[in-house]
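Using numbering that gives the first Met the number 0, the letters of the sequence shown map in sequence onto residues 0 to 198.
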Amino acid sequence: MSIFGGFPSMAQIQAQLPHKDEVPAGKALPIDGVWMISTIGKRVRIERGRGYAVDSWLHLFLFSIQPGMVVNLNIKQTATGTFTVDDLPLQGPGTLKLTPEGNLDVTVDGALGPVAFQLIRQQVDDPEALQAEIDAVTGSSANAKPSLRITSPNDDSSSSDRAAPSGQERPASGDAVSLAKCKELGVDTKTGGVICLDN
């Protein structure tokens, strides 16, 4: 993709670039979507292994790039958050690296020398896939599950009122022990609780 804008009043030559319909689509990527070239404010769309112009602009002040023209080929993921690309206007291989902010740092070994710029995220096809990729880059997880603990450290309720861990019996209270030894049980009419009628 070109980072060089141009002046509309200058003579233009249409860039010799293929149209997106002439380039077979490849594998879907988490970075598929619309991005803006930071240096010229023009948009490109990354779509299944190729990138094509959304806006028109002049490359090197002379070559007219029109919407639908392919400016990137062979976009492939090589590592977490890292992709390689063949840049057609700059005539060289490049690398795209996903930033924690969700943009792409681009470096291209162009025919006229190394070039660096950013692709600023505008709209992505699969926000969840891109977010998962960002999480992998930053080491965080947006899908972290909440703790299953239902009592807080400041809970002042007695431990006997909390559910026992799975597979463990709840410790019996003093009343429970005494009732276990009782021969005749009854119900307290005032409280509704179980009482011993042995006495």
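For glycine and all other residues, C-beta sits at the position ideal for the given N, C-alpha and C.
DSSP state of residue i mapped onto helix, strand, coil
i	result
Glu46	strand
Lys144	Summary for Lys144: the model assigns pLDDT 38, below 50, so the residue's position carries little reliability; its value from the coordinates is reported in the next sentence. Lys144 falls in the coil class under three-state DSSP.
Lys19	helix
Ala52	strand
Ser63	strand
Ile194	strand
Gly40	coil
Ala14	coil
Euclidean distance between Cα positions of residue i and residue j
i	j	result
Ile45	Asp104	14 Å
Ala27	Ala128	10 Å
Leu201	Phe82	In the structure as shown, the chain begins at 0 and stops at 198. Residue 201 is therefore absent and cannot be evaluated.
Leu61	Ser139	45 Å
Asp110	Pro126	First, the amino acid is wrong: residue 110 is Ala here, not Asp. Approximately 34 Å between the Cα atoms of the pair.
Arg49	Asn73	6 Å
Under 8 Å between C-beta atoms of residue i and residue j
i	j	result
Val84	Leu97	no
Glu132	Pro29	yes
Val68	Ala24	A small correction: the amino acid at residue 68 is Met; Val does not occupy that position in the sequence shown. Cβ atoms of Met68 and Ala24: not closer than 8 Å.
Residue range of the unbroken alpha helix (DSSP H) whose run includes residue i
i	result
Pro126	126-137
First through last residue of the beta strand (DSSP E) which encompasses residue i
i	result
Pro88	Taken as a continuous stretch (DSSP letters only), Pro88 belongs to no beta strand (DSSP E), as it is neither H nor E.
Gly109	103-109
Lys99	Inspection of the sequence shows that residue 99 is occupied by Pro rather than by Lys. Counting along the chain, Pro99 falls outside any beta strand (DSSP E), and DSSP gives it neither H nor E.
Ala27	Note, Ala27: premise wrong, no beta strand (DSSP E); not H, not E.
Spatial neighbours of residue i in its chain, beta-carbon cut-off 7 Å, leaving aside the 5 residues before and after
i	result
Val33	Arg42, Arg44, Val53, Gln121, Gln122
Pro17	Val69
Ala135	Thr79, Gly80
Chain-order list of residues whose beta-carbon lies under 6 Å from that of residue i (same chain, five-residue window excluded)
i	result
Asn102	Gln117, Ile119, Arg120
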